[in-house]
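Using the working numbering, the first residue of the sequence shown is number 1, and each one after it goes up by one.
Contents: one structure, followed by commentary.
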Amino acid sequence: MSAAIDTATLLGELEEIFADNSSNWGKARPEVLSRLKRARTDALAVCSHSLDETKSGIVAAKALADGQDTIIRALFRFAAEHLYPTANPSVAERLAVVATGGYGRGLLAPGSDIDLLFLYPYRPTPWTESMVETVLYMMWDLGLKVGHAARSIDECIKLARTDMTIRTALLECRHIDGDEELTESLAQRFDQAVVRGTGKKFIAAKLAERDERHRRQGRTRYLVEPNVKEGKGGLRDLNTLFWIAKYFYRVRTEAELVDKGVFSADEYRLFERCDEFLWSVRCHLHFLTGRAEERLTFELQREIAQRLGYAKRPGLSDVERFMKHYFLVAKDVGDLTLILCAALEAQHVMQAEGLSRMMRSITGQSRKTLTPDFHSELNRIALTKKSAFRDDPVNMLRVFDLADQYDIRPHPDTLHELRRSLRAIDPTVRADPEANRIFLHILTESRDPETLLRMMNETGVLGAFVPDFGKVVAMMQFNMYHSYTVDEHLIRTVGILADIEHGRAEADHPLASNLIKTVHNRRALYVAVFLHDIAKGRPKDHSVEGARIARRLCPRLGLTAAETELVAWLVEEHLTMSIVAQSRDLSDPKTIDDFANKVQSFERLKLLEILTEADIAAVGPNVWNGWKSQLLATLFDETEAIIASRHTRRPRSAQVEAAKSAFMAQATMLTPAQREAIIEQHSRAYWIRTPVEDTIYHGQLMASGDPQDIIVGFRMLADRAVTEMTLIAPDAPRLLAVVAGACASAQANVVSADVFTTTDDLALDIFALTPLSDDPRDEEERVHRIAQTVRDALADRAPVPKPVDARPRAIKQKAFHHPTDVLVANDWSDGYTAIEVSGLDRPGLFRDLAEAILQLDLNVRSAQIATFGERVVDVFYVTGPDGTQILDAALEAKIIERLVDAYDRSAEARSASRTAA
Numbered sequence: 001m002s003a004a005i006d007t008a009t010l011l012g013e014l015e016e017i018f019a020d021n022s023s024n025w026g027k028a029r030p031e032v033l034s035r036l037k038r039a040r041t042d043a044l045a046v047c048s049h050s051l052d053e054t055k056s057g058i059v060a061a062k063a064l065a066d067g068q069d070t071i072i073r074a075l076f077r078f079a080a081e082h083l084y085p086t087a088n089p090s091v092a093e094r095l096a097v098v099a100t101g102g103y104g105r106g107l108l109a110p111g112s113d114i115d116l117l118f119l120y121p122y123r124p125t126p127w128t129e130s131m132v133e134t135v136l137y138m139m140w141d142l143g144l145k146v147g148h149a150a151r152s153i154d155e156c157i158k159l160a161r162t163d164m165t166i167r168t169a170l171l172e173c174r175h176i177d178g179d180e181e182l183t184e185s186l187a188q189r190f191d192q193a194v195v196r197g198t199g200k201k202f203i204a205a206k207l208a209e210r211d212e213r214h215r216r217q218g219r220t221r222y223l224v225e226p227n228v229k230e231g232k233g234g235l236r237d238l239n240t241l242f243w244i245a246k247y248f249y250r251v252r253t254e255a256e257l258v259d260k261g262v263f264s265a266d267e268y269r270l271f272e273r274c275d276e277f278l279w280s281v282r283c284h285l286h287f288l289t290g291r292a293e294e295r296l297t298f299e300l301q302r303e304i305a306q307r308l309g310y311a312k313r314p315g316l317s318d319v320e321r322f323m324k325h326y327f328l329v330a331k332d333v334g335d336l337t338l339i340l341c342a343a344l345e346a347q348h349v350m351q352a353e354g355l356s357r358m359m360r361s362i363t364g365q366s367r368k369t370l371t372p373d374f375h376s377e378l379n380r381i382a383l384t385k386k387s388a389f390r391d392d393p394v395n396m397l398r399v400f401d402l403a404d405q406y407d408i409r410p411h412p413d414t415l416h417e418l419r420r421s422l423r424a425i426d427p428t429v430r431a432d433p434e435a436n437r438i439f440l441h442i443l444t445e446s447r448d449p450e451t452l453l454r455m456m457n458e459t460g461v462l463g464a465f466v467p468d469f470g471k472v473v474a475m476m477q478f479n480m481y482h483s484y485t486v487d488e489h490l491i492r493t494v495g496i497l498a499d500i501e502h503g504r505a506e507a508d509h510p511l512a513s514n515l516i517k518t519v520h521n522r523r524a525l526y527v528a529v530f531l532h533d534i535a536k537g538r539p540k541d542h543s544v545e546g547a548r549i550a551r552r553l554c555p556r557l558g559l560t561a562a563e564t565e566l567v568a569w570l571v572e573e574h575l576t577m578s579i580v581a582q583s584r585d586l587s588d589p590k591t592i593d594d595f596a597n598k599v600q601s602f603e604r605l606k607l608l609e610i611l612t613e614a615d616i617a618a619v620g621p622n623v624w625n626g627w628k629s630q631l632l633a634t635l636f637d638e639t640e641a642i643i644a645s646r647h648t649r650r651p652r653s654a655q656v657e658a659a660k661s662a663f664m665a666q667a668t669m670l671t672p673a674q675r676e677a678i679i680e681q682h683s684r685a686y687w688i689r690t691p692v693e694d695t696i697y698h699g700q701l702m703a704s705g706d707p708q709d710i711i712v713g714f715r716m717l718a719d720r721a722v723t724e725m726t727l728i729a730p731d732a733p734r735l736l737a738v739v740a741g742a743c744a745s746a747q748a749n750v751v752s753a754d755v756f757t758t759t760d761d762l763a764l765d766i767f768a769l770t771p772l773s774d775d776p777r778d779e780e781e782r783v784h785r786i787a788q789t790v791r792d793a794l795a796d797r798a799p800v801p802k803p804v805d806a807r808p809r810a811i812k813q814k815a816f817h818h819p820t821d822v823l824v825a826n827d828w829s830d831g832y833t834a835i836e837v838s839g840l841d842r843p844g845l846f847r848d849l850a851e852a853i854l855q856l857d858l859n860v861r862s863a864q865i866a867t868f869g870e871r872v873v874d875v876f877y878v879t880g881p882d883g884t885q886i887l888d889a890a891l892e893a894k895i896i897e898r899l900v901d902a903y904d905r906s907a908e909a910r911s912a913s914r915t916a917a
């Protein structure tokens with residue numbers, strides 16, 4: 001690594017190059033540029049070495065800023081002394097180069113913009129313009145991104161008065177080179193003419209800007225791929241905090257805020273630790289990607305975790321430990337912001353806000369006694385005496401109950417005192433009946449439990465009162481399925497449950513919204529929702545461990561023995577309904593029977609259905625959809641029928657006859673002969689598994705064309721959020737594999753497949769596809785393109801095209817490792833063998849598995865495809881070559897070997913082709 005160079009040495013080298021080229025700038029310029037590029041490379045090397053050696057992002061960012069200062073100073077002085085020398089400069093021929101924005105703080109990330117202000121006294125002269133152009137053109141030729149402005153002091157002041165962005169940039173201006181008096185004059189005039197008396201306006205603007213930025217970034221600091229710079233709890237929040245403090249308290253450094261009484265010494269050290277950590281992560285991000293990448297994506301998280309020295313621990317990988325630290329830092333940034341806001345509010349700079357925009361703010365006296373320990377002050381809950389939490393620690397829960405009761409927020413000072421008093425929540429407080437009654441009331445009876453629980457979590461009260469919850473605070477799940485940390489997911493799940501109960505989610509959750517009106521154990525439901533993932537990050541199965549925690553915690557909260565067992569059962573089985581609905585054949589009677597035997601009662605079925613909906617919806621944006629809603633509704637309806645009439649269920653023959661009769665009565669658009677022919681064509685399984693409206697639709701398709709040429713049907717099922725493609729064609733062993741390949745080539749993601757064969761050897765295959773467009777014309781065109789590919793392939797006119805890899809998803813998936821697992825089960829169905837394949841999802845997987853099954857000479861009845869972020873679970877219901885379940889151990893071993901080989905070999909081939917490309 002080259003050592004950092006000083007300005008005088010670099011300037012001397014530039015002068016030597018200029019002299020060697022006969023003082024001809026045109027001839028010397030390429031060599032000068034080359035030397036400056038080496039200087040920039042050396043500065044980056046110093047920055048990288050500092051990051052590796054000191055582990056300090058601040059030290060590294062300062063080293064790069066110093067190196068960039070050296071380049072600018074040497075270039076500016078060279079231009080002033082040799083390109084545009086002035087023997088007798090006029091008053092107007094004065095110029096200063098000033099760093100603004102982040103660069104103005106003396107910190108520079110490897111990929112960041114370099115913000116410069118070229119400052120002159122009055123109007124620009126030809127000399128001024130020449131100097132500015134020379135510096136800028138050289139900077140651009142160096143490949144640097146330069147944010148720049150050339151202005152007089154008057155222009156700066158005028159613009160700063162009206163433009164908050166310019167005002168903020170000037171707040172951190174730093175002299176680099178040139179006329180220092182100009183820079184100092186700007187700083188003095190800025191303070192007197194812009195800052196003085198405008199603190200409230202600036203604070204309001206910066207907080208509004210912050211809120212809008214948070215809205216764009218997702219409002220939460222617990223996104224599993226956070227933006228280190230712009231996200232909630234990121235560097236920009238720390239910057240905003242300091243901008244506000246610097247502007248209002250008229251300080252130049254963060255350390256001065258301790259003297260002003262805004263931060264304690266410990267809180268200032270926390271500020272420094274947060275700043276240090278976030279800068280370290282940001283610098284690593286820029287070096288790893290070679291650009292100004294600010295999003296901490298999955299594929300970068302593990303590499304940065306290893307660079308920062310995180311190691312694996314039981315239940316948590318190195319990357320999960322790193323990300324937990326990240327989210328704890330983001331939470332600390334929020335704490336620091338609250339402390340500053342408390343100080344500002346104490347000086348009546350900020351106005352109080354209500355608990356929620358959806359709730360009314362109370363009106364009345366400016367001060368009102370709420371309890372002996374609390375009073376309201378300007379619609380905030382304030383402490384009547386500062387020792388209230390230490391004198392009676394139950395007050396640390398009572399304050400949130402009062403917030404719900406009076407619809408007002410705790411004062412920032414109150415929240416600050418809460419944080420300082422957390423050690424008062426000890427085993428005695430956790431066992432206190434009143435404390436547990438208050439907590440249970442907040443969870444199950446408050447108007448806005450999500451907001452209250454999040455506030456309790458932000459202050460640390462929730463983790464202190466429920467230590468098992470404290471273990472999942474800021475814990476991320478390293479996968480593409482969950483968008484939030486575990487604690488944020490749990491709180492959001494409670495919020496969705498409350499929305500369902502209060503009728504605010506009926507459009508998205510019609511079944512759950514209807515069921516929740518009839519449940520008898522709503523208190524147990526809320527507790528189960530709060531606890532369902534509380535054992536994440538432990539070595540053992542989190543569902544089983546979660547049930548154990550529930551059995552220990554629920555009696556403490558005041559639940560009865562029966563409620564406790566119900567909560568434990570819901571927690572232990574909270575994934576069961578989702579798994580069965582998304583990856584089992586719901587038309588198979590044994591699937592429903594087995595699920596009904598596990599659920600046993602109608603009340604438990606209702607509670608589990610509601611919990612499942614809330615859990616899926618709280619995973620992340622757009623995870624809950626009509627397709628999953630339909631699957632759960634189907635499972636619920638089928639299971640309810642069994643539970644309600646387990647001993648009076650109609651025999652299968654009666655179900656078949658009822659389905660045929662309904663078809664004959666309702667398919668009036670077909671002739672009687674057509675209806676009779678269709679009834680004869682379909683098997684018993686078809687009539688049992690297919691709703692009557694679908695049998696009519698299939699009948700119309702079969703009567704509409706020549707199946708020898710392939711009949712294709714297309715429907716966009718908005719309520720299920722899928723595009724349905726129906727193919728009717730002469731049955732052929734390779735048909736499923738060909739259709740799967742055609743779907744893959746058209747980037748059609750198959751979510752389920754039903755396969756029927758008629759008595760006259762026609763295949764009726766129904767595929768549910770994830771839509772790529774909201775326009776039915778686009779989807780119909782895609783379906784017909786798939787059908788034409790199938791026609792060409794079956795007629796040997798053209799092979800099925802290989803799928804084009806989905807690059808962004810493929811890149812992300814490289815960050816994950818899920819071993820391929822194949823399970824062969826005969827106990828999931830009475831007449832079929834289920835083959836479950838799970839592993840890392842990738843384009844063309846369904847096609848590759850279908851081809852392998854074809855080569856094994858197995859008969860596919862149906863297929864279910866469930867994706868959970870980057871992980872996929874494909875389930876095929878098949879029979880062996882003889883049409884019965886697969887009981888031969890040798891064939892079972894061969895199936896496992898072939899499917900694992902098909903999965904892994906195809907994945908390796910794709911990876912190799914991408915690498916070669």
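Glycine is no exception: its CB is placed at the ideal position from the N, C-alpha and C atoms.
Sorting 738, 74, 532 and 497 by C-alpha distance to the C-alpha of residue 517 places 497 at the top.
Of the candidates 304, 33, 513 and 198, the residue whose Cα lies closest to the Cα of residue 288 is 304.
Burial state of residue 457 is buried, judged by a 10 Å Cβ sphere holding 16 or more other Cβ atoms. Counting the other CB atoms within 10 Å of its CB gives residue 103 a total of 16 or more, which places it among the buried residues. Counting every other CB atom within 10 Å of its CB across the protein chains shown gives residue 873 a total of 16 or more, marking it as buried. Residue 167 holds the alpha-carbon nearest to the alpha-carbon of residue 155 among 559, 167 and 144.
Note on the stretch 720-801: whole alpha helix (DSSP H) runs with a minimum of 4 residues are 735-745 and 776-794, in chain order. The C-beta of residue 412 has 16 or more other C-beta atoms within 10 Å across all chains shown, which makes the residue buried.
Straight-line measurement puts the Cα of residue 627 at about 13 Å from the Cα of residue 511. Cβ-Cβ distances below 6 Å link residue 117 to 98, 100 and 149 in the same chain, with the five nearest sequence neighbours on each side left out; the list follows chain order.
Counting only runs of 4 or more residues that sit fully inside the stretch 371-428, the alpha helix (DSSP H) segments are 388-391, 395-406 and 412-420, in chain order. CA-to-CA, the gap between residue 486 and residue 473 works out to about 7 Å. In this structure residue 802 is in contact with residue 745, their Cβ atoms being roughly 7 Å apart against a cut-off of 8 Å. About 7 Å separates the beta carbons of residue 688 and residue 587, which is inside the 8 Å limit, making them a contact pair. The residues 164, in chain order, have a CB closer than 7 Å to that of residue 205 in the same chain once the five nearest residues on each side in sequence are set aside. Rounded to the nearest angstrom, the gap between the Cα atoms of residue 68 and residue 282 is 18 Å. Going by beta carbons, residue 898 and residue 852 fall inside the 8 Å limit. Check the Cα spacing between residue 139 and each of 198, 559 and 74: the tightest is with 74. With distances taken between CA atoms, residue 66 lies nearest to 5 out of 115, 5 and 602. Contact annotation: residue 566 and residue 524 have beta-carbon atoms nearer than 8 Å. The DSSP assignment places complete alpha helix (DSSP H) segments of no fewer than 4 residues inside the stretch 640-723 at 652-666, 672-681, 684-689 and 692-704, in order along the chain. In this structure residue 773 is exposed. Its beta-carbon is surrounded by fewer than 16 other beta-carbon atoms within 10 angstroms. For residue 823, DSSP records a beta bridge to 836.
Under DSSP, the beta-bridge partners assigned to residue 227 are 295. Taken through DSSP and simplified to helix, strand or coil, residue 886 comes out as coil. Around residue 764, the same chain offers 728 and 756 as residues with beta carbons nearer than 6 Å, after the five sequence neighbours per side are excluded. Classified as buried, residue 573 has 16 or more neighbouring CB atoms from the shown chains inside 10 Å of its CB.
Residue 708 and residue 860 have their C-alpha atoms roughly 21 Å apart. For a cut-off of 8 Å, the C-beta gap from residue 528 to residue 570 is around 4 Å, short enough to register as a contact. Counting along the chain, no beta strand (DSSP E) covers residue 560, and no H or E run does either. For residue 153, the uninterrupted alpha helix (DSSP H) run begins and ends at 153-162, by DSSP.
Cβ-Cβ distances below 6 Å link residue 231 to 217 in the same chain, with the five nearest sequence neighbours on each side left out; the list follows chain order.
The beta carbon of residue 615 lies closer than 7 Å to those of 493, 532 and 574 in the same chain, with the five residues before and after it left out. For the set 419, 120 and 314, the Cα lying nearest the Cα of residue 339 is the one of 419. By DSSP's assignment, residue 96 forms a beta bridge with 119 and 178.
Distance between residue 384 and residue 367, taken at the CA atoms: about 11 Å.
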